[in-house]
Amino acid sequence: MNLLTYTIFLPVAGLIAILFTKDGKQARLIGVVCSVILLGLSTAVMLETRGLAAGAYALGVDVGWIKLGTSFDVHYRIGVDGLSGILIFLTGLLAFSAALASWNIENGTRGYWAMFLLLHTGILGTFASLDLFLFYVFWEVMLLPMYFLIGVWGGPRRIYAAIKFFLYTLFGSIFLLAGILVVYFAVTSDPAFTAKGYNAFSIPDLTAYAQAAKESGGILANYGSHAGLVATLVFWGMFVAFAVKVPVFPFHTWLPDAHVEAPTPISVILAGILLKLGGYGMLRINFPFFPEVMKDAALWIGVLGLINIVYGALVAMAQTDFKKMVAYSSVSHMGFCLLGFAAMTPEGLNGAILQLFNHGTISGMLFLVVGVVYDRAHHRDLNRFGGLMWRMPVYGTIATIAMFASLGLPMLSGFVGEFLAFVGSYKSDYYSGAKLITLISTAGLVFTAAYYLRAIQRVFLGKTNPAYESFPDASRREVWSMLPLLAPTIFLGLFPQPLIAVYQPAVTALRSLVG
Amino acid sequence: MIPDLGNLLGRFGAETVLALAVPAILLADLRGKRGSLATATGVLALVLALLLALFQESASGALLTKLLVADGLAKVFRLLAIGTGLVAALAALRWGDAERGRAEFFVCLIGAVLGACLTAAANDLAMLYIAIETLSIGGYLLAGFRKQSPLGSEAALKYVIFGAVSSGAMLYGMSLLYGFAGTGTITTPPGASFASLEGASGAAAGQPAFLVAVVLVFAGLAYKVAAAPFQFWCPDVYEGAPTSVAAFLAVASKGAGFAAILRFVGAVTAGTTPDVLASTEHVRTILLVMALLTMTIGNVAALRQRNAKRLLAYSAIAHAGYLLLGVAVTTSGGATAVVFYMAVYLFMTLGAFYMVGVVERETGRCDLDAFEGLGFRAPLFGVCMAVAMIGLTGLPPTAGFPGKYFLLQEVFAYGRDHMLFFWGGVIALLNTVVSLGYYARFLKVMYLCDLERVAQSPFRFTGVDRGLVVALTVPVLLFGLAFAGLYDAASDLAQGIFLAVAGGGR
Numbered sequence: 000m001n002l003l004t005y006t007i008f009l010p011v012a013g014l015i016a017i018l019f020t021k022d023g024k025q026a027r028l029i030g031v032v033c034s035v036i037l038l039g040l041s042t043a044v045m046l047e048t049r050g051l052a053a054g055a056y057a058l059g060v061d062v063g064w065i066k067l068g069t070s071f072d073v074h075y076r077i078g079v080d081g082l083s084g085i086l087i088f089l090t091g092l093l094a095f096s097a098a099l100a101s102w103n104i105e106n107g108t109r110g111y112w113a114m115f116l117l118l119h120t121g122i123l124g125t126f127a128s129l130d131l132f133l134f135y136v137f138w139e140v141m142l143l144p145m146y147f148l149i150g151v152w153g154g155p156r157r158i159y160a161a162i163k164f165f166l167y168t169l170f171g172s173i174f175l176l177a178g179i180l181v182v183y184f185a186v187t188s189d190p191a192f193t194a195k196g197y198n199a200f201s202i203p204d205l206t207a208y209a210q211a212a213k214e215s216g217g218i219l220a221n222y223g224s225h226a227g228l229v230a231t232l233v234f235w236g237m238f239v240a241f242a243v244k245v246p247v248f249p250f251h252t253w254l255p256d257a258h259v260e261a262p263t264p265i266s267v268i269l270a271g272i273l274l275k276l277g278g279y280g281m282l283r284i285n286f287p288f289f290p291e292v293m294k295d296a297a298l299w300i301g302v303l304g305l306i307n308i309v310y311g312a313l314v315a316m317a318q319t320d321f322k323k324m325v326a327y328s329s330v331s332h333m334g335f336c337l338l339g340f341a342a343m344t345p346e347g348l349n350g351a352i353l354q355l356f357n358h359g360t361i362s363g364m365l366f367l368v369v370g371v372v373y374d375r376a377h378h379r380d381l382n383r384f385g386g387l388m389w390r391m392p393v394y395g396t397i398a399t400i401a402m403f404a405s406l407g408l409p410m411l412s413g414f415v416g417e418f419l420a421f422v423g424s425y426k427s428d429y430y431s432g433a434k435l436i437t438l439i440s441t442a443g444l445v446f447t448a449a450y451y452l453r454a455i456q457r458v459f460l461g462k463t464n465p466a467y468e469s470f471p472d473a474s475r476r477e478v479w480s481m482l483p484l485l486a487p488t489i490f491l492g493l494f495p496q497p498l499i500a501v502y503q504p505a506v507t508a509l510r511s512l513v514g
Numbered sequence: 000m001i002p003d004l005g006n007l008l009g010r011f012g013a014e015t016v017l018a019l020a021v022p023a024i025l026l027a028d029l030r031g032k033r034g035s036l037a038t039a040t041g042v043l044a045l046v047l048a049l050l051l052a053l054f055q056e057s058a059s060g061a062l063l064t065k066l067l068v069a070d071g072l073a074k075v076f077r078l079l080a081i082g083t084g085l086v087a088a089l090a091a092l093r094w095g096d097a098e099r100g101r102a103e104f105f106v107c108l109i110g111a112v113l114g115a116c117l118t119a120a121a122n123d124l125a126m127l128y129i130a131i132e133t134l135s136i137g138g139y140l141l142a143g144f145r146k147q148s149p150l151g152s153e154a155a156l157k158y159v160i161f162g163a164v165s166s167g168a169m170l171y172g173m174s175l176l177y178g179f180a181g182t183g184t185i186t187t188p189p190g191a192s193f194a195s196l197e198g199a200s201g202a203a204a205g206q207p208a209f210l211v212a213v214v215l216v217f218a219g220l221a222y223k224v225a226a227a228p229f230q231f232w233c234p235d236v237y238e239g240a241p242t243s244v245a246a247f248l249a250v251a252s253k254g255a256g257f258a259a260i261l262r263f264v265g266a267v268t269a270g271t272t273p274d275v276l277a278s279t280e281h282v283r284t285i286l287l288v289m290a291l292l293t294m295t296i297g298n299v300a301a302l303r304q305r306n307a308k309r310l311l312a313y314s315a316i317a318h319a320g321y322l323l324l325g326v327a328v329t330t331s332g333g334a335t336a337v338v339f340y341m342a343v344y345l346f347m348t349l350g351a352f353y354m355v356g357v358v359e360r361e362t363g364r365c366d367l368d369a370f371e372g373l374g375f376r377a378p379l380f381g382v383c384m385a386v387a388m389i390g391l392t393g394l395p396p397t398a399g400f401p402g403k404y405f406l407l408q409e410v411f412a413y414g415r416d417h418m419l420f421f422w423g424g425v426i427a428l429l430n431t432v433v434s435l436g437y438y439a440r441f442l443k444v445m446y447l448c449d450l451e452r453v454a455q456s457p458f459r460f461t462g463v464d465r466g467l468v469v470a471l472t473v474p475v476l477l478f479g480l481a482f483a484g485l486y487d488a489a490s491d492l493a494q495g496i497f498l499a500v501a502g503g504g505r
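Protein sequences appear in the order of chains A and B. Mapping to numbering that gives the first Met the number 0: the first sequence position 462 is 461, numbers consecutive. Mapping to numbering that gives the first Met the number 0: the second sequence position 251 is 250, numbers consecutive.
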């Protein structure tokens, strides 16, 4: 047993405790206490990953789980490097915020907290897994709690949104499963693979094997006579699995529905963490397994990033629903990550990963901002607010900071990630056309500024709508739920280096594998 | 014959008990009020048979002048049939499905169970035919057991007519095969030296008529497992039959069919001559196309169902498709995956049918709306039903996931050199997504509803119901996380079915 295992399964312990509670208040207490402990544990996990060598993992556990015959050997194999370390830390931050924001859930409280905790085990387990089979199990374990959290506690169109989320994600993940199966047969039929003592499900082993086989046909070289075609298919199949989560155009249509219908804390987790799992999967599995396919695919991934940025921003600009606007801004901002991934330059990858983290905190905060005003006004129509800044100064200030951070104002964290991603993408010679794609996608920045400034103006400035004169300012609980996200937003805007230093070795490793 | 008899009783104790139980029940019916003695005899016979089946040793070699074998495959599918029969009997008693004549119900049910056991053990074409007919005739009578209901009569009639046609086709195919092989024996068990289809197919495989004969026999077996294009009877029969009978047909009848399919396909694809390899390739392609067709028809049609029993019927069709994938690759791994999947399918499907039956008993309806809010009105019921549905979809952490995983593993392994199978695997995976569309509807009606409105109406979910449902749900979760033991057992039992195959065997 180690720190990482405790972190993953603490929520399950909380869930079991909830089964023995009688009323919702006790369940809520257990849920919040678990989230607070989780924040502490996840911080400790991230700190453990400092100073790791490139390609090394901290807090590793490797225990046999299911062994059948000679080659089917699934392990409980977990470990963290800087990349998963910062994302686990992000999970802890958002769990804390979301738990405080869930205080008001009145109906079916025990069920809500049970699902809330189970969801976190799925997320943490996915980030920590170094075994493909285990990764897939955790990946799927996330689906069901999320389905219920949206479907039971969501808004008016929750049932439609929940099943759409479930179907889209499952559609993606079957390609991941197909990829795992194909990789398994390709590597186990190569005697060199077993001779080295490699395990056909181990992510580090498969990465090393893919690296060695880069010149000789790649990881799937032994998958029959159509190996080249299959490698391309499996690469894009896995890409679809992760792209649905990111979400990448044209697989993004579940996102506005799910984000808008989900209750506020669940929107926070959806935007803050679940989208990151897509990016994480690409960096951990998709690209390192198929470096030779990635070389050809980079252009298309860059183009998809461009579409995400510009299209997402344009659609966000057309929204009158506050929450929908924030949801589409996520589509746009995750595009920067794709742009950085495709570039494969140090700046591009650093920026993209930083953007993963920053988007987690900033969009989480924005959904909390929407939640606060929705709790009071019971609508989210941007055109019906006005002058809230004068009635709710604390709330207005935090909301404005969050929006400025999201549109990329210097001195706030959003700027650093986006800037690095753009610079890295512009400098890239990994694929041709990078410069053009980068230049076009800067247009997205202008659109982003446009819709955020307009939103600030319509909601917070101008004449106060008389109906909302009596709105109380953000309560202490609401402020506390936003603070853990606000602090890194400001801090990383000024000093991004401490966080970058944590995941820097992971970037080095990735570049040596794929670049 | 006399020395063989002792051996026979030792290997087929369960079947003997079941065979003796049929006249015993009829005699017991003359005594006791409202068939209570007959009921007791029937239940006792099933329990005794289950115990015997659990401890019965499997043995190599053929018995009863080569008509039967007592290998691992016979053992596991015998267990499956008797276990399902017992659950169906208990369910029928709890729901009053058998009220119109308990003795008759038990005679039909035990006859069908006996037929299922013998189908799995049959090693001769004629024996196989008789066993399947025993299973079918019991099934026809049970399907129409609700005599007063027009749906019940329609179910029985459809079942009989479709059954007769496909039996005829099968019999014709068998006669052709007998002509080719000069023997009706299906396999030559290890250690035995008599002739069988395994050896004969080498000489006959080059002729087109051989393939025609195989396909004809296969038509009869496909009808038994409700594989396309012989699946039309399935939804109507499941809807019209008492729910306990539907559960029996969905598990025991399908299981017996798959045991026979495995044995038969194993025999006609045995051999390494070029002719056999060529005809095996055809058989694989036919089976793959059939599997994909079956699962796609089942899943797409299930999307439109509002009736829980019809929905589960289409789901059972889809699962026949997944199972056929394991047969189509004709490897021991494939046979293992089929046995493994059948074992987990038993728990998930019986659990689901049992819960549908409980809802039918309590509300008198079995449309999906009858499940409204059950996740909150009866939390244990909701959780168990959710586990069954997630398992049938094939998602972790339930046993449905390793089940599907191993089936697909074999398909993708074979797809390494055959792109057709690679794409077949992808289509099968896409089918999983389609199936979520209807399995999730149970989750939707049970959980995603107006919380305040449903909390008031309680739902009677008694102690016996709870015990049975939990006993069927726990293995689904257990085998989802620790399936090594079950897989190894399945692998042992399925050894030797496709051993003689070259090219596909690994």
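Yeah, the Cβ is synthetic: ideal placement off N, Cα and C, and Gly gets one too.
Collapsed DSSP secondary structure at A/S511 in the structure displayed: Three-state result, A/S511: helix.
Below-8 angstroms beta-carbon distance, A/A161 vs any chain B residue: So, interface residue.
Endpoints, beta strand (DSSP E) assigned at A/Y135: Segment L131 to V140 is the alpha helix (DSSP H) holding A/Y135; no beta strand (DSSP E) there.
Residues sharing a beta bridge with A/K66, DSSP: Looking at the DSSP assignment, A/K66 forms a beta bridge with A/D72.
Residues from the stretch 75-93 of chain A in contact with chain B, defined by Cβ distance under 7 angstroms: Result list empty, no residue passes.
Chain-order list of residues whose beta-carbon lies under 7 angstroms from that of A/I65 (same chain, five-residue window excluded): Residues of the same chain with a CB within less than 7 angstroms of the CB of A/I65, apart from the 5 flanking positions on each side, are V73 in chain order.
DSSP state of B/T295 mapped onto helix, strand, coil: Secondary structure of B/T295 (DSSP, three-state): helix.
Assumed close pair B/G151, B/A251 - CB separation to whole angstroms, cut-off 8 angstroms: In this structure B/G151 is not in contact with B/A251, their Cβ atoms being roughly 20 angstroms apart against a cut-off of 8 angstroms.
Pairwise C-alpha distance: B/G190 and B/S490: Answer to the nearest angstrom: the Cα atoms are 20 angstroms apart.
Beta-carbon proximity check, A/V393 vs A/V325, cutoff 8 angstroms: Their beta carbons are not under 8 angstroms apart, which means A/V393 does not touch A/V325 by this criterion.
Boundaries (first-last residue) of the alpha helix (DSSP H) holding B/A259: Bounds of the alpha helix (DSSP H) holding B/A259 are K253 to V267.
Proximal residues to B/A249 (C-beta, below 6 angstroms), its chain only, five neighbours per side dropped: Excluding its 5 nearest sequence neighbours in each direction, B/A249 has C-beta neighbours in its own chain below 6 angstroms: A315 and T348, listed in chain order.
Spatial neighbours of A/L38 in its chain, beta-carbon cut-off 8 angstroms, leaving aside the 5 residues before and after: G91, L92, A94, F95 and P483.
Coarse secondary structure for A/T48, derived from DSSP in three states: Coil at A/T48, not helix or strand.
Whole-angstrom distance between A/Y111 and B/G503, CA atom to CA atom: Confidence at B/G503 is low in this model, with a pLDDT of 36, below 50, so its placement is unreliable and the value that follows should be read with caution. Going by C-alpha positions, B/G503 is about 50 angstroms away from A/Y111.
CB contact below 8 angstroms: B/L435 versus chain A: Interface residue, yes.
Closer than 8 angstroms at the beta carbon, the chain B residues around A/I173: Here the neighbours are L428, L429, T431 and V432.
Chain-order list of residues whose beta-carbon lies under 7 angstroms from that of A/F19 (same chain, five-residue window excluded): Excluding positions up to five away in sequence, the list is empty.
C-beta neighbour in chain A for B/M445, strict 8 angstroms: Taking Cβ atoms only, chain A never reaches closer than 8 angstroms to B/M445, which makes this a no.
4 or more residues per run - each alpha helix (DSSP H) lying fully within the stretch 305-336 of chain B: 307-327, all fully within the stretch 305-336 of chain B.
Uninterrupted alpha helix (DSSP H) stretches inside the stretch 72-155 of chain B (no shorter than 4 residues): Complete alpha helix (DSSP H) runs here, min 4: 101-120 and 124-142.
B/G504 at chain A interface by Cβ criterion, 8 angstroms: Confidence is the limiting factor: at B/G504 the pLDDT is only 35, short of 50, which leaves the residue's position unreliable, though a coordinate-based value still follows. Any Cβ of chain A closer than 8 angstroms to the Cβ of B/G504 would place that residue at the interface, and such an atom is absent.
As assigned by DSSP and simplified to three states, the class of A/I77: Correct three-state label for A/I77: strand.
One or two residues paired with B/T184 in a DSSP bridge: The partner list for B/T184 (beta bridge, DSSP) reads B/D123.
A/E468 - containing alpha helix (DSSP H), residue span: For A/E468, there is no enclosing alpha helix (DSSP H), as DSSP marks it with neither H nor E.
C-alpha gap between A/G223 and B/F421, whole angstroms: Note on geometry: alpha-carbon atoms of A/G223 and B/F421 lie some 11 angstroms from one another.
Neighbourhood of B/P396 by C-beta distance below 8 angstroms, restricted to the same chain and skipping five residues each side: L476, G479 and L480, listed in sequence order.
Beta bridge counterpart(s) of A/D320 as assigned by DSSP: The partner list for A/D320 (beta bridge, DSSP) reads A/D380.
Chain A contact for B/A501 (CB, 8 angstroms cutoff): A caution first: B/A501 carries a pLDDT of 37, below 50, which makes its placement in the model unreliable, though a value can still be read off. No, its Cβ sits nowhere closer than 8 angstroms to a Cβ of chain A.
Test: B/G424 CB closer than 8 angstroms to a CB of chain A: Chain A contact via Cβ: present.
Where A/A53 sits in the DSSP three-state scheme: Here DSSP, grouped into helix, strand and coil, assigns A/A53 to coil.
Cross-chain neighbours of A/K24 in chain B, by beta carbon under 9 angstroms: Residues of chain B with a Cβ closer than 9 angstroms to the Cβ of A/K24 do not exist, since the nearest Cβ in that chain sits about 17 angstroms away.
Proximal residues, the stretch 35-50 of chain A versus chain B, C-beta separation under 8 angstroms: Those would be none; no residue qualifies.
Residues that A/V11 bridges to, as DSSP identifies them: None, per the DSSP bridge assignment.
Cβ distance (whole Å) where B/V130 is taken to contact B/A142 below 8 angstroms: The identity of residue 130 of chain B in the sequence shown is Ala, whereas the question assumes Val. Not really, about 19 angstroms apart at Cβ, beyond 8 angstroms.
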